[in-house]
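Note that the protein sequences, when read in sequence, are chains A and B.
Per the working numbering, residue 26 is the first one in the first sequence, and the count goes up by one each step.
Per the working numbering, residue 2 is the first one in the second sequence, and the count goes up by one each step.
One structure is given here, and the rest of the page talks about it.
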Amino acid sequence: MRRSLTRYLVRRGLQSLVLLWLATLIGFTVYQLAPGGPLQFLDDDPKRTAADYNRLAELYGLERPLLVRYLAWFAGEDWFAALPGGQDLQSGQCRADATRCSRGVIRLDFGRSLHFKGMRVIDLIAERIPATFLLGFSSLVISAVVGIPAGIYAALNRGKLPDHIIRVATVLVNTVPEWWIGLLLLIILGGYLGLVPLGGMETIGDGSLLDRLHHLILPALVSAISGWISTSRIIRFEMLEVLNQDYVRTARAKGLRERLVILRHVLPNAILPFVTGLSGILLLFLSGSILFEVVFSWPGMGRLAVLAINSRDYPVMMGLFVISAALGIIGVLMVDVLYGFVDPRVKYEA
Amino acid sequence: MTATNHLAGRRIKEQTYWGAVLNKLWRDRITVAAIFGLVVMVSLAVAAPLISDSVLGFSPTMTDLTRRNAPPTWASDAWPTFREFTRTCQSGGAGGCQWSLWGRILASSALGIRDCLTSPRGTCHWMGTDQAGRDVLSRGLYGGRISLRIGLYVASISMTLGVVLGLISGYYAATLIDDIVNAIIQTLGSIPLLFLLIILSRIFQPGPEGLALLIGVFGWMGVSRLIRGQIFSIREREYIAASRAVGASLWRILFHHLLPNVSSIVIVVGIFNVAGAIIAEAGLSYLGVGIGPPMPSWGNMMQGSLGNFTDAPWLVLAPGLFILLTTLAIYLIGDGLRDALDPWVK
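Structure follows, in structure tokens:
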């Protein structure tokens, strides 16, 4: 058992590494595909000249062969100098100043932002990860705290009101963009009734815990909508499955109280699929964060993405893409491993 | 003898599969209402030039800078009162709202609606105007042309990809082809696709067709998985083995023997896909990377509300309601079809 777990972990770890590499490859390809190349942002400047293009192309080393650019982007160009004739393969800025050499995405160097002049992309992202995580985890907690009891209640009261509420809510999330619901609630609760702030993570100059909670509550509730609905649906379905099992009948036959039957015998088995569902919900938060963060002016990675897009800040976009892909892949891996600990029946096939 | 007479007298009606489906669909009131609703939305979109020209009297791109962010004409009297109401709420907390103002709001709205109905063409903005003074209602009608078109394109692209890849990987399950398809699905499934979609649509700045292609190319994985699972069990049946034995071509087995067995799933998933695509387009356009101005789409109409949504809530409300009505109708039709395509189950 132990050995197979190790082998499974190694296998899944390697798989995740390959996935990660594929994600960076996608990122690089998209970067290169841009019509006009990475310097397309210059088109926005009416005073640009052909000399500007050439100077920047030389500075960023864009005239080098594709393979060299990929190597510099992926593994860095600082070690090129050690190669015979490698100096010619370095970009202009690297030759001029060794601290400006690309260290490659493998060492979390995505270059510098074009919009936030001179800022390192990784610093920009790192600054915003906590906000995105705060929102994501709050809605994850709300999804579980609301969704699991709702699912249990609906399964035990089949065909009654809670069942119908879940069904109607499912239709709702499938037919309306959740960010639109958020926007409406923001207008009504924030703009008109003054119950919640109109956006942001804290009042400038305040930042107390209460103030932060006040800012968090609406974004977290809204971004948890699809999470708790899918959770309650999964739990309801699984509860109904488990309730028909022989061991539940046995438990009841031996005279166990219904409460104990549900809590000890049904629930632990019905909750397992929620753990598998977690990875899906996690990815949802990473992607969904963009729209929610824009609606609620939440200073996280999603808002940074939209800023970067509007200013054609390709290095930041690529960095965000690779980092969020990495976070997603690591999250899925963690959920897979967690599943094995929660459910001892899982056999790892190496 | 009596038995034959009995049968002859009752005239057993022959019922085909599709006849039974239609029959069951017709008896489902909600689905019939949804079909009616979708027909209305599609006709509104198709007739948008006619309606906005000869009924409303506005063009969707005609700007009027003297009337920017104007409330719906029928509410022009009620709107200041409503703002006064919200100010009382703001200042006194939720308990401080002066609910008595609603009498005046409702009364002046009713008067306004009556005036609007009798006013000449081109003077009443039923849903207000946007940040450039354009009529929101006629933009909404035109926006439907874009959003519905994108929904259809995306569904056809992702369904084609999903069905073909699902059929092949199901039929060749546990072979190299299946592994490759699975690897692609796993890769696409573990990266945040919205990020990628946003980057791609920013770089290429596609029109409606290009945007649909982008959304469709990244939206087939669920379909493919579903079809693969179904094919996996069907391919073991005797008639598949039989047709293989008599030398049927791969094409014939896939599209004549396997596909018809999953056609009901394909139809239902395809319909849900249309609704999903409309919502996806709205999100991308809201972020400013989907359909660009001046072409109206339900998503980019809301983009104009970014800075001033409390001053002009109709910019959020109107396009959202268009989306809600359309996708709700589509979803309910899909839901009804899911039941109806199993017509023998009572």
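Every residue gets a Cβ at the ideal spot worked out from N, C-alpha and C, and that includes glycine.
- Shown here for B/Ile279: same chain residues with a beta carbon closer than 6 Å to its own, the five before and five after excluded, namely Ser148, Gly152 and Thr328 in chain order.
- For B/Asp343, the three-state secondary structure derived from DSSP is coil.
- For a Cβ distance threshold of 8 Å, residue set Asn199 and Thr200 of chain A lies close to B/Ala276, ordered along the chain.
- With respect to chain A, the C-beta atom of B/Leu26 has no partner C-beta closer than 9 Å.
- A distance below 7 Å between beta-carbons, with the five flanking residues on each side excluded, links B/Leu118 to no residue of its chain.
- Rounded to whole angstroms, B/Pro207 and B/Gly291 show a C-alpha spacing of 8 Å.
- Selection B/Ser157, B/Val247, B/Thr176 and B/Gly129 evaluated against B/Pro61 yields B/Gly129 as nearest (Cα-Cα).
- Those residues of the stretch 189–223 of chain B placed with their C-beta closer than 7 Å to a C-beta in chain A are Ser191, Ile192, Pro193, Leu194, Leu195, Phe196, Leu197, Ile199, Ile200, Leu201, Arg203 and Ile204, ordered along the chain.
- By the criterion of a C-beta distance shorter than 8 Å, B/Val47 is surrounded in its chain by Arg146, once the five residues flanking it on both sides are discounted.
- The alpha helix (DSSP H) runs lying completely inside the stretch 55–139 of chain B and spanning 4 residues or more are 79–93 and 102–119, given in chain order.
- Taken in chain order, the whole alpha helix (DSSP H) runs of length 4 or more contained in the stretch 175–240 of chain A are 186–200 and 203–210.
- Taking the Cα of B/Val270 as reference, the smallest distance to any Cα among B/Gln132, B/Ile331, B/Val33 and B/Leu322 is reached at B/Ile331.
- Boundaries of the alpha helix (DSSP H) around B/Asp180: Leu177 to Gly190.
- B/Arg236 sits in coil when the DSSP states are folded into three classes, being neither helix nor strand.
- If the five residues before and after A/His240 are omitted, its C-beta is found closer than 7 Å to the C-beta atoms of Pro222, Gly225, Met226 and Glu227, all from its own chain and listed in chain order.
- The Cβ atoms of A/Ile250 and A/Ala175 lie no closer than 9 Å to each other.
- Rounded to the nearest angstrom, the gap between the Cα atoms of B/Met160 and B/Val224 is 7 Å.
- Here A/Arg137 is bridged, per DSSP, to A/Arg145.
- Look at A/Ile51: its C-beta is under 9 Å from a C-beta on chain B.
- For B/Val317, the closest Cβ of chain A is nearer than 9 Å.
- For A/Arg128, the three-state secondary structure derived from DSSP is coil.
- DSSP, reduced to helix, strand and coil, places A/Asp361 within a helical segment of the structure shown.
- About 6 Å separates the beta carbon of A/Leu358 from that of A/Arg37, a gap short enough to meet the 8 Å contact definition.
- Ranking B/Leu195, B/Gly141 and B/Leu51 by CA distance to the CA of A/Ile334 puts B/Leu195 first.
- Interface annotation, A/Gly353: in contact with chain B, CB-CB separation under 9 Å.
- The beta carbons of A/Val146 and A/Val341 sit about 5 Å from each other, so the pair counts as a contact at 8 Å.
- Contact between B/Leu285 and B/Ser191 fails: their C-beta atoms lie close to 21 Å from each other, not under 8 Å.
- For B/Gly284, the nearest CB of chain A lies under 9 Å from its own CB, placing it at the interface with that chain.
- Note that the C-beta distance between B/Val155 and B/Ala79 is not below 9 Å.
- Chain-ordered listing is empty here: chain B has no CB closer than 7 Å to the CB of A/Ser138, the nearest sitting near 15 Å.
- Under the 9 Å criterion on CB atoms, A/Leu223 is classed as interfacial with respect to chain B.
- For B/Thr311, a Cβ of chain A is located within less than 9 Å of the residue's own Cβ.
- Only buried fits B/Lys25, as 16 or more other CB atoms lie within 10 angstroms of its CB.
- Between A/Phe158 and A/Val247, the CB-CB gap reaches or exceeds 9 Å.
- For the 9 Å CB-CB criterion, B/Ala175 and B/Ile232 do not form a contact.
- Against chain A, the beta carbon of B/Pro314 has neighbours under 7 Å at Ile212, listed in chain order.
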